[in-house]
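What follows is a short report on a single structure.
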Amino acid sequence: MEPEEVFVNELIQDLESGHLQLPTLPEVALRVRDVVDDEDANAGQIADIIGQDAALSARLLQVANSPLYRGRQEIDRLPMVVARLGNKLVRNLVTSQVMKQMFQATNDMVDQRLRAVWEHSVQVAAIARALAGQVPGVEPDQAMLAGLLHDIGTLPILYRAEERDELLDTPGLLDQLIEDLHTRIGGAILKHWKFPAALVAVAAEHEDLTRDHSGPADLVDVVQVANLQSHINSDHPLSQVDWGTIPAFHHMGLDVDVHEIELTDVEEEIDAVQQLFN
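Just so we're aligned, residue 155 is where the sequence shown starts under the numbering used here, counting upward by one.
This is the structure:
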């Protein structure tokens, strides 16, 4: 058996047996989530947890004063951030802000790939947030987080590849592995992190362009459309897909006769989101 086949079989077996080592959500995000889920929690308690991480505190203050969220008065204290934005939005923003630190590796080639995945995820997050503003029932900041998380399943594959020189020497095979496995692994990661079913579905189902369902557009629809939009004018295979065959566009009421969504009206919003994460 070829070394590459051994790698694939090991990865699939570990995934199916539950032995695949999944990334751990940073502790600060877990603690903020726990306190937000506590009905008796207040803004001060959430601010105290965030305040123990100086870099995260600075980032959240920057986010709260960004064009996306700022009000008439500049915010300079964390309790004001929580009070202005609300507990649930702060939870999503904390998770979003700590994600970037997970996309790092010691091997230069793997690190480059992780950075590329992160940049793509940020682009999808920005487009998804803008699109969600036009979709009843889908919260823009939940869509932003979903965009950041949609390719999370690539992480364990690339982490494993760091240990296998023969895999790094065969980039085409690595691409195929990611294409074949990242949605299964992504769904497993978000289940492991106890994320809501809607976010688990995004990681697990965003590549299934035949996916259909009853009722209005959902989070997976938004991320699918954002993902396809992000690949326009690229050499990615998804740039050649016929949008008219994809149920997500119909659920969102979008015109499939064009091959690009008009986003001029939300261009500043998309740029602002990308600046938050890059």
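All C-beta atoms in this analysis are idealised placements derived from N, C-alpha and C, irrespective of residue type, glycine included.
Option nearest Val289 by Cα separation, candidates Ala371, Asp425, Arg365: Ala371
Helix, strand or coil at Tyr223 [DSSP, three-state]: coil
What are the uninterrupted segments assigned as alpha helix (DSSP H) that are 4 or more residues long and contained completely in the segment 302-368, given in chain order? 308-315, 319-322, 325-346, 351-359
Own chain residues within Cβ distance below 6 Å of Ala355, not counting five before or after: Same-chain partners within the cutoff: Val374.
Within the same chain, show all residues whose beta-carbon is closer than 6 Å to that of Asn246, passing over the 5 residues directly before and after it, in chain order. Asp295, Leu299
Taking just the CA atoms, how far does Leu344 sit from His173? So the two alpha carbons sit approximately 15 Å from each other.
Could you have a look at Leu179 and say whether DSSP puts it in helix, strand or coil? The DSSP-derived three-state label of Leu179 is coil.
Take every Cβ of the segment 274-294, pair it with every Cβ of the segment 228-236, and state whether three or more of those distances are shorter than 8 Å. no
Proximity of Val244 and His304 at Cβ, strictly below 8 Å: In this structure, the beta-carbon distance from Val244 to His304 does not fall below 8 Å.
Spatial distance of Ser384 from His274 (CA atoms): 8 Å
Pick from Ile281, Ser220, Asp230: whose alpha carbon is nearest that of Asp419? Ile281
Could you check where the alpha helix (DSSP H) with Pro233 kicks off and where it finishes? 232-239
Whole-Å CB distance - Ala358 paired with Gly369, under 8 Å assumed: That belief does not hold up - the Cβ atoms of Ala358 and Gly369 are roughly 19 Å apart, past 8 Å.
Looking at Gln258 and Leu268, is the spacing between their C-beta atoms short of 8 Å? yes
Does the pairing of the segment 308-320 with the segment 166-180 give three or more beta-carbon distances under 8 Å? yes
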